Amino acid sequence: MKMIGGDFEPPVFAGSGRIVIKSFTEIEYRMYATPSDSADAFKRLAKQQKDPYDTSNTFRLFATDIQGTEWAAGWTNPQLGETKTGIWELWGELDSLLTSASGRWVSQLSSVELVFQPEVRVPVEKAMVTVTTLDDVEVEYSRRLAKQTVQVLGSEIEFFRTKDGSALWVTATSSKALPHPCTENWLSEPLRILLGQLIFPRLVARNFGDGRAQVWLRPSPRRFIDSGIASLVDGNPFESKPDFWTLYGKLLEHVANTRDEGGHLNSEPHLITRLYEEIIQATQGSRWVLCLTLASVAEGLAKLLMGPTPLKADFVEKDLSALRDHTQTWDGDARLKRRILDELTRAETKTVSSFLGDLRQGGAVTAANVSAWRKLRNSVMHGNLVSPYSTREEDQRILDLADLVHRLTRVIVGIDARQQPILGSGLVSEGHA
308 MKMIGGDFEP PVFAGSGRIV IKSFTEIEYR MYATPSDSAD AFKRLAKQQK DPYDTSNTFR
368 LFATDIQGTE WAAGWTNPQL GETKTGIWEL WGELDSLLTS ASGRWVSQLS SVELVFQPEV
428 RVPVEKAMVT VTTLDDVEVE YSRRLAKQTV QVLGSEIEFF RTKDGSALWV TATSSKALPH
488 PCTENWLSEP LRILLGQLIF PRLVARNFGD GRAQVWLRPS PRRFIDSGIA SLVDGNPFES
548 KPDFWTLYGK LLEHVANTRD EGGHLNSEPH LITRLYEEII QATQGSRWVL CLTLASVAEG
608 LAKLLMGPTP LKADFVEKDL SALRDHTQTW DGDARLKRRI LDELTRAETK TVSSFLGDLR
668 QGGAVTAANV SAWRKLRNSV MHGNLVSPYS TREEDQRILD LADLVHRLTR VIVGIDARQQ
728 PILGSGLVSE GHA
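Residues in the sequence shown are numbered from 308 upward in steps of one, following my numbering.
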């Protein structure tokens, strides 16, 4: 094992050790190393500990296993343990492991392969049949729905459930619209939105199409309970309308077609995905946190629909101008005058509340959606608590608010929000998980 600082620098530490894959979510290492320069190494460790936010102080770990395979273990902030007879004990956590692969068993197609563990439950059509015989006599027969193929932006994407139910495999050919290295990240974004879970691949293979590949092992976040309200399909992918795979394709198209401010492809999660990730995590908190998050996400999605250019309000410009002129000539408290003028300036542009009202008139959202957002948003955003216990009225408001989030999402990706099903996810009161 060796640990370096900046690019092209010699190793700061070199030695032996081990990398331990503790669980789906944890990768740790422990290294027994000799520093190339004890004084410089200690200075670097102290500098990294003093300011862990400065990435220039971060170390990178590389390792070679007993079979000779080289692994890049990524960035790490090592902790210093015992130092004996010139050997320093270093340990820490890793975000991923990366290696290169080549040979005839590597795909000759430019593509990506993802493995999700634990298995992600998605609706599939094609069945896998297994027959077990003993002395030419059938002793066991099993049938399991195992495979689904979808076409998105010129790429063929296959989903395959393993026989033992331990994993979901996803493969996708690359294309101009779904290129390396973005596609390996994009493919799981619709799954997080649709299923209301922090779904990330455990294993990623980037096949270059010439017999070479890069392979990553990454942490896979645990599955949450009671997060169905964060799911675009209400936690039930088998009965969604339109069907699950239509929604998946629309979401993936939207993610892949979005560009950053410079007009470039963006391998970072889409804003919609990030907002849904916040809801997923908020489902594990209090009802107040959930309301706060849902209201904020709805506002963020509405602003995404409104676009970067402020929309004009419905007020007549002549009336606004006359009121502004009157206020400017008013000889009263200067602070109150400034506040009124500021409000008049804000009145020139359409508010999120007004925009949601327009969507309601168009049938994209319901009156209950807008009412729930206005009531809960104006309450929780100003420090007012909601009841920590479940009530029929408040539960319905939260469900209507979540329904608003999902309807806005459908509008953004070009799906008729009127096909949105009625949310029926139960809500759990605090202390009753």
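Each residue gets a CB set at the ideal place from its N, CA and C atoms; glycine is no exception. Predicted model, so just to flag it, every value in this text is computed and none were measured.
task = Confirm, please, whether the CB-CB distance from D533 to T590 is below 8 Å.
result = Numbered from 1 along the sequence shown, position 283 holds the residue referred to as residue 590. Numbered from 1 along the sequence shown, position 226 holds the residue referred to as residue 533. Their beta carbons are under 8 Å apart, which means T590 touches D533 by this criterion.
request  = Pair every Cβ in the region 371–378 with every Cβ in the region 467–477, then say whether three or more of these pairs are closer than 8 Å.
outcome  = Contact between the region 371–378 and the region 467–477 is absent, because fewer than three Cβ pairs lie under 8 Å.
task = Assess, as a yes-or-no matter, whether the region 520–532 is touched by the region 501–510 under the definition of 3 or more beta carbon pairs within less than 8 Å.
result = yes
Rounded straight-line distance, which links the Cα of W523 to that of G312 = Taking the sequence shown and counting its residues from 1, one reaches residue 312 at position 5. Taking the sequence shown and counting its residues from 1, one reaches residue 523 at position 216. Taking the straight line joining both Cα atoms gives about 22 Å.
message = Can you tell me which residues form a DSSP beta bridge with P342?
response = Stepping through the sequence shown from its first residue, residue 342 is reached at position 35. BP columns for P342 point to F320.
Residue environment, P359, which counts as buried when at least 16 other CB atoms sit within 10 Å = Reading the sequence shown from its first residue, position 52 is the one you call residue 359. By the neighbour-count rule (16 or more Cβ atoms within 10 Å), P359 is not buried but exposed.
query = By DSSP, does G738 sit in helix, in strand, or in coil?
reply = Within the sequence shown, the letter at position 431 stands for residue 738. Since pLDDT at G738 reaches only 37, below the 50 mark, its modelled position is unreliable, and no value is offered.
query = What are the start and end residues of the beta strand (DSSP E) that includes W637?
reply = What you label residue 637 is simply residue 330 of the sequence shown in a count that begins at 1. Segment: none, W637 is in no beta strand (DSSP E) and carries neither H nor E.
query = Do K309 and F349 have their CB atoms nearer than 8 Å?
reply = Residue 309 sits at position 2 when you count from the first residue of the sequence shown. Residue 349 sits at position 42 when you count from the first residue of the sequence shown. Not closer than 8 Å, so no.
query = If you draw a straight line from the C-alpha of K557 to the C-alpha of L404, how long is it?
reply = Numbered from 1 along the sequence shown, position 250 holds the residue referred to as residue 557. Numbered from 1 along the sequence shown, position 97 holds the residue referred to as residue 404. Between K557 and L404, the C-alpha separation is close to 32 Å.
key: Identity of the residues DSSP links to M310 by a beta bridge   = Counting from 1 along the sequence shown, the entry for residue 310 is found at position 3. Answer is F320 and L368, bridged to M310.
request  = With a threshold of 16 other CB atoms inside 10 Å of the CB of E420, please say whether the residue is buried or exposed.
outcome  = The residue you call residue 420 lines up with position 113 of the sequence shown. Buried is the call here.
request  = Using the DSSP secondary-structure output, state which residues sit across from R716 in a beta bridge.
outcome  = Position 409 of the sequence shown, counting from 1, holds the residue named residue 716. One detail in the question is off: residue 716 reads as Thr in this sequence, not Arg. According to DSSP, which records beta bridges pairwise, T716 is partnered with nothing at all.
query = Helix, strand or coil: how does DSSP classify K548 here?
reply = Position 241 of the sequence shown, counted from the start, is the residue given in the question as residue 548. In the structure shown, K548 sits in coil (DSSP, three-state: anything other than H, G, I, E or B).
message = Relative to the C-alpha of E465, which candidate in H713, V431 and A520 has its C-alpha closest?
response = In the sequence shown, residue 465 corresponds to position 158, counting from 1. For E465, the nearest C-alpha among the options comes from V431.
query = Which ranges does the alpha helix (DSSP H) cover as unbroken runs of at least 4 residues, wholly within the region 582–619, from first to last along the chain?
reply = 594–613
task = Rounded to whole angstroms, what's the CA-CA distance from D517 to W680? Just pull it up for me.
result = As a working mapping, residue 517 is identified with position 210 in the sequence shown. As a working mapping, residue 680 is identified with position 373 in the sequence shown. Between D517 and W680, the C-alpha separation is close to 53 Å.
key: For A353 and D344, the rounded distance between their alpha carbons   = Here residue 344 corresponds to residue number 37 of the sequence shown, with the count starting at 1. Here residue 353 corresponds to residue number 46 of the sequence shown, with the count starting at 1. C-alpha separation (whole angstroms): 14 Å.
Cβ-Cβ distance between L401 and I334 below 8 Å = To locate residue 401, count along the sequence shown from 1; it is residue 94. To locate residue 334, count along the sequence shown from 1; it is residue 27. Going by C-beta atoms, L401 is nearer than 8 Å to I334.
request  = Examine the Cβ distances between the region 703–710 and the region 670–687 and report whether three or more of them are shorter than 8 Å.
outcome  = yes
message = Rounded to whole angstroms, what is the Cα-Cα separation between T383 and R337?
response = Your numbering for residue 383 matches position 76 in the sequence shown. Your numbering for residue 337 matches position 30 in the sequence shown. Distance between the alpha carbons of T383 and R337: 12 Å.
message = According to DSSP, simplified to helix, strand and coil, what is G399?
response = Here the question's residue 399 lines up with position 92 in the sequence shown. Residue state, collapsed to three classes: strand.
query = Run through DSSP, which three-state label would Q504 get?
reply = Here residue 504 refers to the residue found at position 197 when the sequence shown is read from its first residue. In this structure, Q504 counts as coil in the three-state DSSP scheme.
query = Would the region 598–617 and the region 637–650 be scored as touching if the rule is three or more Cβ pairs under 8 Å?
reply = no
task = Would you tell me roughly how many angstroms separate the C-alpha atoms of L460 and A321, rounded to the nearest one?
result = In the sequence shown, counting from the first residue as 1, residue 460 sits at position 153. In the sequence shown, counting from the first residue as 1, residue 321 sits at position 14. Each residue's alpha carbon lies about 46 Å from the other.
query = Hey, A620 and T656: beta-carbon distance below 8 Å or not?
reply = Position 313 of the sequence shown, counting from 1, holds the residue named residue 620. Position 349 of the sequence shown, counting from 1, holds the residue named residue 656. With a cutoff of 8 Å on beta-carbon distance, A620 and T656 are scored as near each other.
inquiry  = Counting C-beta neighbours from all protein chains within 10 Å, is the total for S628 16 or more, i.e. buried, or is it exposed?
reply    = By 1-based counting over the sequence shown, the position of residue 628 is 321. So S628 ends up on the exposed side.
inquiry  = Are the CB atoms of Q458 and F331 within a distance shorter than 8 Å?
reply    = The count along the sequence shown starts at 1 and reaches residue 331 at position 24. The count along the sequence shown starts at 1 and reaches residue 458 at position 151. Against a cut-off of 8 Å, the Cβ pair of Q458 and F331 comes out as no contact.
key: F315 to Q386 span [Cα, whole Å]   = Residue mapping note: residue 315 aligns to position 8 of the sequence shown, counting from 1. Residue mapping note: residue 386 aligns to position 79 of the sequence shown, counting from 1. Cα to Cα, F315 sits roughly 23 Å from Q386.
query = Measuring CA to CA, which of T553, D471 and T362 is closest to L498?
reply = In the sequence shown, the residue the question calls residue 498 occupies position 191. When only C-alpha atoms are compared, the closest one is T553.
ask   = What are the residues that DSSP puts in a beta bridge with V413?
value = The residue given as residue 413 occupies position 106 in the sequence shown. In DSSP, V413 forms no bridge with anything.
task = Going by DSSP, name the residue or residues bridged to G381.
result = Indexing the sequence shown from 1 puts residue 381 at position 74. According to DSSP, which records beta bridges pairwise, G381 is partnered with L368.
query = Using DSSP with H/G/I as helix, E/B as strand and the rest coil, what is A287?
reply = This structure does not reach residue 287, given that the chain is present from 308 up to 740, and the question cannot be answered.
ask   = L274 to A484, Cα distance in whole Å?
value = The question about residue 274 has no answer here: the residues shown for the chain are numbered 308 through 740.
inquiry  = Using DSSP's beta-bridge definition, name the partner residues of A520.
reply    = Taking the sequence shown and counting its residues from 1, the one referred to as residue 520 is at position 213. Bridge partners of A520: A408 and N514.
query = Can T769 and S417 be called in contact, C-beta distance under 8 Å?
reply = Residue 769 is absent from the model: the chain starts at 308 and stops at 740.
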